[in-house]
Amino acid sequence: MRTASVMRRGAATLVVALAFPAAAWPQAPVRLSMGDAIQLALNRNQAIRAQRLAIDASRADQITAGLKPNPGVGFSVDGFPLFSPRQINGDFFSNAVSYSTSLSYTFERGGKRQNRITLAEDTTDVTTKGVQDAERQLRFQTAQAFIDVLLAKSTLELTQANLKSFSDVVDVNRQRVTAGDLAEGEFYKISLQKLQFEQDVSSAEVGLVRAKATLRQLVGFETVPEDFDINGELSYQAHSLDLDDLKRQALAARPDLQAAQSGVKLAEDSLKLERSNRARDVSGDVGYSHTGPDNTFGVGAAIDLPIHDRNQGNIARSAVQVRQATESQLAARFGVITDVITAYAQWQTSQKVVGLYQSGYLDQSQQSLTISRYVYQRGAGNLLDLLDAERTFRDTQLGYLQALADYMTSV
């Protein structure tokens, strides 16, 4: 029941985020899960929304590609005596002036129109897959930014806990000074070390602000308020992954590779269009003339003689572009495989690093700090040993948090 309630609250948060601008948000901070952040980014990120408009523009080009030539209409009046205006009398317009009208149309040959339509459809397909690849990258960037916020929050909580713990040590030693068990000069040395812990907290606060700003930019700056928060924590969950299976999935699903494959078809259809443009169009016309009592009707046709220009240059260029697109497809395919191999290696490495921390280093750093504090509080240890134990514990904990973030990112 509790899980269902949490899911309903998360869904309600996402619906509100999509429906209202930032000005309509309540004062309480909004809490986002990683799934919410990714969905918001896909729906509200201004950059990806601008890219999607390229698909609509390409579809508009499809309309243009399918248009047929417009027919032409002409009308003329001939026979006015420019230098003898006195000849113009009542019978002049009916007997001396010639009237003519014509209707013309260009007949496209070689399948140009259909090839234009096909090429425009190919362009839309390539554009669509390019947008899909941008969405894929946006998903990863949003997930990575979300994990960075988790890391920044965990780092801030750790530095605050370290500051509080060390402040307790300072307070205990202040009491020792009052009781005469510790020299005042020794107390000043340990008190001054508190500054480092306070600086760690300040740096962590700035890091959290920066990480949240990056995530807010990705999900749509006006989608969430400035004081939004996230749900989740850095954690390790074991995964069983097979490299060959990952390669097959990537080769079947990566939009950038699909765009490269569609680019080959686009280049081939472009070559077909240039070859069809080699065929000369025929211009036909029909005309009617009236001169005095005579009425005449005529037809005509015109065609370019392909003696010099047979579109050789465009055909040669398109043939080169086919080879170029083929090479780009192969490069994209090898790039996908390389990405998978690299990501798999990063996953294996980050998994090993997390395992090393969990195998005992975390407990050892905690035990070392506890022992050093115990010994120092009873006057049997020195300040350098205590500070070294504090530094080792802090570095180990921060390293573990970074390892968890790297592992989640690699997955």
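The numbers in my numbering rise by one with no breaks, and the one at position 146 of the sequence shown is 302.
For glycine and all other residues, C-beta sits at the position ideal for the given N, C-alpha and C.
Since the model is a prediction, treat every value here as computed from it, not as a measurement.
query                                                                                                                                                       : result
If you measure between the beta carbons of T548 and S515, is that distance less than 8 Å?                                                                   : no
Which residues in the same chain have their Cβ closer than 7 Å to the Cβ of A559, if we skip the five residues on either side of it in sequence?            : S506, V509, V510 and Y513
Could you say which of A457, T482, T280 and E340 lies nearest to R208 if we only look at CA atoms?                                                          : T280
Going by Cα to Cα distance, which pick from L294, S214 and L351 is closest to V375?                                                                         : L294
On a Cα-Cα basis, can you pick out the residue from Y500, F302, G363 and L429 that is closest to Q468?                                                      : L429
Please classify Y392: does DSSP put it in a helix, a strand, or coil?                                                                                       : coil
Among the residues of its own chain, which have a CB less than 8 Å from the CB of N387, if the five just before and after it don't count?                   : G166, R187, L188 and S189
Closer than 7 Å by C-beta to T482: which residues in its own chain qualify, once you throw out the five before and the five after it? Chain order, please.  : V420
Using a Cβ-Cβ cut-off of 6 Å (strictly less than) and excluding sequence neighbours within five positions of V496, which residues of its own chain qualify? : L402, K403 and A406
Go ahead and pull the three-state DSSP assignment for D234.                                                                                                 : strand
Please report how far the alpha carbon of D425 lies from the alpha carbon of S484, in whole angstroms.                                                      : 17 Å
Do you know whose CA, among V380, L427, L364 and Q417, lies nearest T315's CA?                                                                              : L364
Would you call the region 385 to 400 and the region 431 to 445 in contact, with 3 or more CB pairs under 8 Å?                                               : no
S528 and G537: beta carbons closer than 8 Å?                                                                                                                : yes
So, do the region 308 to 323 and the region 339 to 354 have three or more beta carbon pairs nearer to each other than 8 Å?                                  : yes
So the alpha helix (DSSP H) S524 belongs to, where does it begin and stop?                                                                                  : L518 to Q533
Any idea what DSSP makes of T284, helix, strand or coil?                                                                                                    : helix
Identify which residue in S310, N271 and V233 has its Cα closest to the Cα of S254.                                                                         : V233
Please state the DSSP three-state secondary structure of D441.                                                                                              : strand
Exposed or buried, which one is A184 when buried takes at least 16 other CB atoms within 10 Å?                                                              : Below a pLDDT of 50, predicted positions are generally treated as unreliable, and A184, at 45, falls in that range; no measurement from the model is reported.
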